[in-house]
Amino acid sequence: MSPATPRYIEIARALQKRIESGELLPGDQLPTEHELAGEWNVSPNTAKQAMKELRRSGRVETLPHRGSFVSKESTPFVITLNDVDLDEDLPGRPGGGEGRAFVDEAERQGLRATSSLPRVSIAQATDVQKSALRLRGEPRPQIVRRTQQRFIDGKPNSLQHSYFALELALTAQALLAENEIAEGSVAYLRKHGHVQVGYEDGFDARPPTAEEMEFFGLPRDSLAVIEHSRTAFDQDGEPFRLTVTVYKPGANRIRFFAGDVPDGARNPAS
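The C-terminal residue of the sequence shown carries number 758 in our numbering, and the numbering is unbroken.
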């Protein structure tokens, strides 16, 4: 038998259904924790946990001295993956300026994009990472992972992990430092003999990890996050960088451009 659903989860789901059905509209005030405790015959602490779970989902916000209200729907952040991330020093060639693209897109939408400093770790490659980077040698070669938390107007938006072979990082040692690479990793690695000339993109929808649930503030029953993987290739056709970006569900809209499109189409508001 599966364990019983905790009472605070039951309360949170019941309130969420009222929101999704339209019974409670954006801006409507929710029952107080005292009222919820009485209605559901639970302790005040259980009612408090239920409200916390709703806040984690982004469906409810609590204002000091006023109470809890249904959040007003926010417009998803639009990210264009094959348009603005071109390497400025190599016109017309696909680059890896995902960080610059993130900032540029936000500015066009009147928003502010920020990122944490990279966290760097060294670990054994997974089968997926080993295959993407064509790592050879021992069964589990080591890789370097650079991870950044990304925010839009101070709210968690996405997590980005970039993976490199340890052998490359020992040569290009800025990859091992927990600092921004001033010129960007694409320009930096070009100095070390890897000119990025193309990339392969892949997408997946999967359940969030514990780290992702904590960062995005997702409820326990969240179904999926969107994972975008980009493998970059150098002038010799060798993969040298794998970047995996995990997007918060409901907070992002991903788009591509192809062919000749009108200028107005590039404005996310159009």
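Ideal Cβ placement from N, Cα and C applies to all residues, glycine included. Just so we're clear, the structure is a prediction, and the values are computed from it rather than from any experiment.
Separation of residue 630 and residue 595 (C-alpha to C-alpha, rounded to the nearest whole angstrom) is 37 Å. Three or more Cβ pairs drawn from the region 537 to 547 and the region 501 to 518 lie within less than 8 Å of each other, which places the two stretches in contact. Taking the Cα of residue 731 as reference, the smallest distance to any Cα among 627, 743, 569 is reached at 569. Residue environment for residue 674: buried (at least 16 other C-beta atoms within 10 angstroms of its C-beta).
Contact fails between the region 542 to 554 and the region 716 to 731, because fewer than three Cβ pairs, one in each stretch, are under 8 Å apart.
When rounded, the separation of the alpha-carbon atoms in residue 652 and residue 533 is 46 Å. In this structure residue 693 touches residue 712 by the C-beta definition: roughly 4 Å separates them, less than 8 Å.
Within the region 724 to 748, the runs of beta strand (DSSP E) at least 3 residues long that lie entirely inside it are, in chain order, 727 to 735, 740 to 743. Restricting attention to beta strand (DSSP E) runs no shorter than 3 residues, the region 624 to 671 encloses them at 630 to 640, 643 to 653, ordered along the chain. Your pair residue 676 and residue 660 checks out as a contact, with CB atoms roughly 7 Å apart and the cut at 8 Å.
Residue 516 carries a coil assignment under DSSP once its states are collapsed to helix, strand and coil. For residue 674, there is no enclosing beta strand (DSSP E); the residue is found in the alpha helix (DSSP H) stretching over 673 to 678. Look at the beta carbons and you see the region 616 to 632 not touching the region 598 to 607: under three pairs across the two are nearer than 8 Å. Under the three-state reduction of DSSP output, residue 599 falls in the coil class, being neither helix nor strand.
One thing to note: residue 639 has its Cβ within 8 Å of the Cβ of residue 602.
Sequence-distant Cβ neighbours of residue 611 in its own chain, meaning closer than 8 Å and more than five residues away, are 630, 631, 633. In the DSSP assignment, residue 694 falls outside any alpha helix (DSSP H) and lies within the beta strand (DSSP E) extending over 686 to 694.
When secondary structure is reduced to three states using DSSP, residue 543 falls in the helix class. Taking the Cα positions, residue 496 is about 21 Å away from residue 700. Secondary structure of residue 524 (DSSP, three-state): helix.
Taken through DSSP and simplified to helix, strand or coil, residue 719 comes out as strand. For residue 549, the enclosing beta strand (DSSP E) starts and ends at 548 to 551. By the criterion of a C-beta distance shorter than 7 Å, residue 520 is surrounded in its chain by 555, once the five residues flanking it on both sides are discounted. Looking at the DSSP output, residue 611 bridges to 631. Counted as a single uninterrupted DSSP element, the alpha helix (DSSP H) harbouring residue 698 occupies residues 698 to 704.
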